[in-house]
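Report on the following structure.
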Amino acid sequence: MRLRALLETDALGLRVLGGQDELDRTVRGVMTTDLRDPSRYLSGGELVLTGLAWRRTPEDSEPFVRLLAGAGVVGLAAGEAELGAIPDDLVGACRRHRLPLFAVNESVAFATITEYVVRQVSGERAGDLAAVVDRHRRLMTSGPTGGGPEVVLDLLGTDLDLRAWVLSPTGRRIAGASEKLSVAAGAALATEHLAATRAGRRAPHRVALDGTTYSLFPVRRPGRGAATAGGVGADVREGVLSDWLLAVEADAGEWAAPRLDLLQGVTQLIAVERDRRDAARTVRRRLAQEILELVQAGAPPAEISARLRVAAPVLLPGQGAAPHWQIVVARVDRQEGGDADGGEGTGAAEGAEGAVGSGPVAQSLLEEILVDPATAGMESGDRIAVAHTGGEAIALLPMPAPAASRGEDEGGGDATPADGGLRADVLLASVREPLAAGLADDGRLTLGVSASVHSAEGLRGALEEARHARRVAAARPGRVCAAGHHELASHVLLLPFVPDDVRRAFTARLLDPLWDYDRRHRAELVPTLGAFLDCDGSWTRCAARLHLHVNTLRYRVGRIEQLTGRDLSRLEDKLDFFLALRMS
Numbered sequence: 357m358r359l360r361a362l363l364e365t366d367a368l369g370l371r372v373l374g375g376q377d378e379l380d381r382t383v384r385g386v387m388t389t390d391l392r393d394p395s396r397y398l399s400g401g402e403l404v405l406t407g408l409a410w411r412r413t414p415e416d417s418e419p420f421v422r423l424l425a426g427a428g429v430v431g432l433a434a435g436e437a438e439l440g441a442i443p444d445d446l447v448g449a450c451r452r453h454r455l456p457l458f459a460v461n462e463s464v465a466f467a468t469i470t471e472y473v474v475r476q477v478s479g480e481r482a483g484d485l486a487a488v489v490d491r492h493r494r495l496m497t498s499g500p501t502g503g504g505p506e507v508v509l510d511l512l513g514t515d516l517d518l519r520a521w522v523l524s525p526t527g528r529r530i531a532g533a534s535e536k537l538s539v540a541a542g543a544a545l546a547t548e549h550l551a552a553t554r555a556g557r558r559a560p561h562r563v564a565l566d567g568t569t570y571s572l573f574p575v576r577r578p579g580r581g582a583a584t585a586g587g588v589g590a591d592v593r594e595g596v597l598s599d600w601l602l603a604v605e606a607d608a609g610e611w612a613a614p615r616l617d618l619l620q621g622v623t624q625l626i627a628v629e630r631d632r633r634d635a636a637r638t639v640r641r642r643l644a645q646e647i648l649e650l651v652q653a654g655a656p657p658a659e660i661s662a663r664l665r666v667a668a669p670v671l672l673p674g675q676g677a678a679p680h681w682q683i684v685v686a687r688v689d690r691q692e693g694g695d696a697d698g699g700e701g702t703g704a705a706e707g708a709e710g711a712v713g714s715g716p717v718a719q720s721l722l723e724e725i726l727v728d729p730a731t732a733g734m735e736s737g738d739r740i741a742v743a744h745t746g747g748e749a750i751a752l753l754p755m756p757a758p759a760a761s762r763g764e765d766e767g768g769g770d771a772t773p774a775d776g777g778l779r780a781d782v783l784l785a786s787v788r789e790p791l792a793a794g795l796a797d798d799g800r801l802t803l804g805v806s807a808s809v810h811s812a813e814g815l816r817g818a819l820e821e822a823r824h825a826r827r828v829a830a831a832r833p834g835r836v837c838a839a840g841h842h843e844l845a846s847h848v849l850l851l852p853f854v855p856d857d858v859r860r861a862f863t864a865r866l867l868d869p870l871w872d873y874d875r876r877h878r879a880e881l882v883p884t885l886g887a888f889l890d891c892d893g894s895w896t897r898c899a900a901r902l903h904l905h906v907n908t909l910r911y912r913v914g915r916i917e918q919l920t921g922r923d924l925s926r927l928e929d930k931l932d933f934f935l936a937l938r939m940s
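For reference, each letter of the sequence shown is one residue, going 357 to 940 in our numbering.
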């Protein structure tokens, strides 16, 4: 805005005392101060408001005005409440330094002037930025010359003082302000956004996190409309788990319509750029699809090996040796009209109907889950090749071959590297809450992770291993579950498939007498039993862990045997107690 506009608003009560020839200067901000030297807090372009408390003698005016002019201030407005009429020494100093001077009537609060200036300046900046966004969108539509969403997000920061980030559905930072958003904060914002979207609340969603308010805008793909009311439409269920979001550090509830429209334009620009990045993934997805089809069709290992040699440089550039490979299988199941928290053993749907249309959703999710949550940027998934078939998404992950195994014959078996690759138990740690919020009460995500193999011959077994691990995960309760290959050679493979009524009967027969005794006597027999088994029946180690005398431990174990009729020196009885504790 121009300084002249201040005189055109009667409500501000300003009178110009000097600098009439400089009223076309542009105001870029406003500052109220009574410091004798406020220059360190000025960046240029400000209208300075002062109550003149800094002026003790007439000689103070000259250095004060000189500092303002040197800092690039465009005008000075002095209040009449302190001294009455504005002193001549100040008027003279402003005239010498060509600094426009205004008198502020004592009935007008500085807050009124500040609010007016901020509103005008922000409105003009938003208009200028809207033009930049529109131009940027046209550039992005016609070719990759616009510079990506980072450019516009930088403009939001410099022109509107808005810090903003583009986040994935799991809260990973894709782009945005240089100030880092922690992994935990990103996941929390994504969780709130997904929950609000599934509930059908109108965007932007406002969230308070650690004393800071954020406004969350969905970044919807071109051709997808707004969420249907109530959050139960197919569009919501298919898109909520794959859409990015724009998180702005501000309360959008106080914004005027033009600023909201501006942010909507920014999200459209980001959506265009995302489509461009997804198109770049086509080659990797096609490679994974071709290899998967060969593996499932039982193609000769030599043919699969040839495909792997093509895929390796694309997915793992710069590696001279043939990599090891690991397979991850994911599936998103929908349960119509019921609770999806139960596992397969309790009636969760996993048939064709439950997975209709979920293959692409699972593919998009798996591509995101397999990226390190601390890794920012849109290129961070360039090593990930995910195909989908039916309701499954299948990832083919390359890993550099361990030094000990480099130089081995590629066709010589399916040895597992010592490092073991990805582990299912940590894969979902940082994304479980956001994904659960997006799945709500009618969906489940289950993953299975294979061991790593270094040959074409091993891929078919790895695929079956990952699928079997995923079925183990699906048998567990919860909306988001994973299981790994290491669990397929353990009792945990069998326990999820034990019917619930058998579980209850088995555990009740062995543990109910101990729980009842503990409730009556506070004897801690069940914790003692668990510790005794964890210590492999060692009296000394168990007593040390529980901080008990060995005789006290022997008394408790004797009471356990008396109440249950079992003998903890027998392997069979130890095994029964061990399984009962795991199933309880």
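Where is the CB? At the ideal position from N, CA and C, for every residue including glycine.
CB-CB length for residue i against residue j, believed under 8 angstroms
i: LEU572; j: PRO560; result: 6 angstroms
i: PRO790; j: LEU550; result: 6 angstroms
i: ILE647; j: ILE660; result: 7 angstroms
i: PRO679; j: ALA668; result: 6 angstroms
i: ALA822; j: VAL684; result: 6 angstroms
i: CYS450; j: GLY374; result: 5 angstroms
i: PRO869; j: THR920; result: 6 angstroms
Secondary structure of residue i, DSSP reduced to three states
i: THR772; result: Low confidence applies to THR772: its pLDDT is 39, below 50, so where it sits in the model is not reliable enough to give any reading.
i: SER805; result: For the sequence presented, residue 805 should be read as Val rather than Ser. Three-state result, VAL805: strand.
i: HIS744; result: strand
i: SER891; result: Correcting the residue identity first, residue 891 is Cys in this sequence and not Ser. CYS891 falls in the coil class under three-state DSSP.
i: VAL604; result: strand
i: ALA585; result: Low confidence applies to ALA585: its pLDDT is 35, below 50, so where it sits in the model is not reliable, and the reading given next is rough at best. In this structure, ALA585 counts as helix in the three-state DSSP scheme.
i: LEU931; result: helix
i: SER498; result: Confidence at SER498 is low in this model, with a pLDDT of 41, below 50, so the placement of that residue is unreliable and no value is reported for it.
i: PRO394; result: coil
i: GLY621; result: helix
i: ALA751; result: strand
i: ALA708; result: A caution first: ALA708 carries a pLDDT of 40, below 50, which makes its placement in the model too unreliable to give a value.
i: THR413; result: coil
i: ALA465; result: coil
i: ASP366; result: helix
i: LEU597; result: coil
i: GLY513; result: helix
i: SER940; result: coil
i: LEU902; result: helix
i: ASP377; result: helix
Distance cut-off 7 angstroms: residue i Cβ against heavy atoms of the ligand FAD
i: LEU602; result: For the structure depicted, the ligand FAD is absent and the ligand set is empty, with no information on it obtainable.
DSSP beta-bridge partners of residue i
i: ARG562; result: SER571
i: CYS837; result: THR802
i: TRP521; result: GLY532, ALA603
i: ALA459; result: ARG371, ALA434
i: THR526; result: Its beta-bridge partners do not exist; DSSP assigns none.
i: ARG358; result: THR382
Residue span of the beta strand (DSSP E) that contains residue i, given as start and end
i: ASP689; result: 680-690
i: LEU643; result: Where LEU643 is concerned, there is no enclosing beta strand (DSSP E), although the alpha helix (DSSP H) it sits in stretches over 638-652.
i: VAL386; result: 385-388
i: ARG371; result: 370-374
i: THR406; result: 402-406
i: LEU949; result: With the chain covering 357 to 940 only, the question about residue 949 has no answer from this structure.
Proximity test, Cβ basis, 8 angstroms: residue i and chain D
i: ARG663; result: Of the protein chains in this structure there is only one, and it is not chain D.
Range of the contiguous alpha helix (DSSP H) that encloses residue i
i: GLU548; result: 539-554
i: THR908; result: 906-920
i: LEU844; result: Run containing LEU844: none; DSSP gives neither H nor E here.
i: GLU436; result: First-last for GLU436: undefined, no H or E at that position.
i: TRP871; result: 856-877
i: HIS824; result: 812-830
i: ARG788; result: 788-795
i: VAL670; result: 657-671
i: VAL782; result: 780-783
Check whether the segment 789-807 and the segment 823-838 touch, using three or more Cβ-Cβ pairs below 8 angstroms as the test.
Yes, they touch.
Under 8 angstroms: do the segment 384-391 and the segment 454-462 share three or more Cβ pairs, one atom per stretch?
no
Can we say the segment 397-413 touches the segment 424-436, given the rule of at least three CB pairs closer than 8 angstroms?
The segment 397-413 and the segment 424-436 touch, with no fewer than 3 CB-CB distances between them shorter than 8 angstroms.
Sufficient close CB pairs (3 or more, under 8 angstroms) joining the segment 888-897 to the segment 857-874
no
Does the structure place the segment 468-475 close enough to the segment 443-451 that three or more beta carbon pairs sit under 8 angstroms?
The segment 443-451 vs the segment 468-475: no contact.
Is the segment 596-611 in contact with the segment 524-534, if contact means three or more CB pairs nearer than 8 angstroms?
yes
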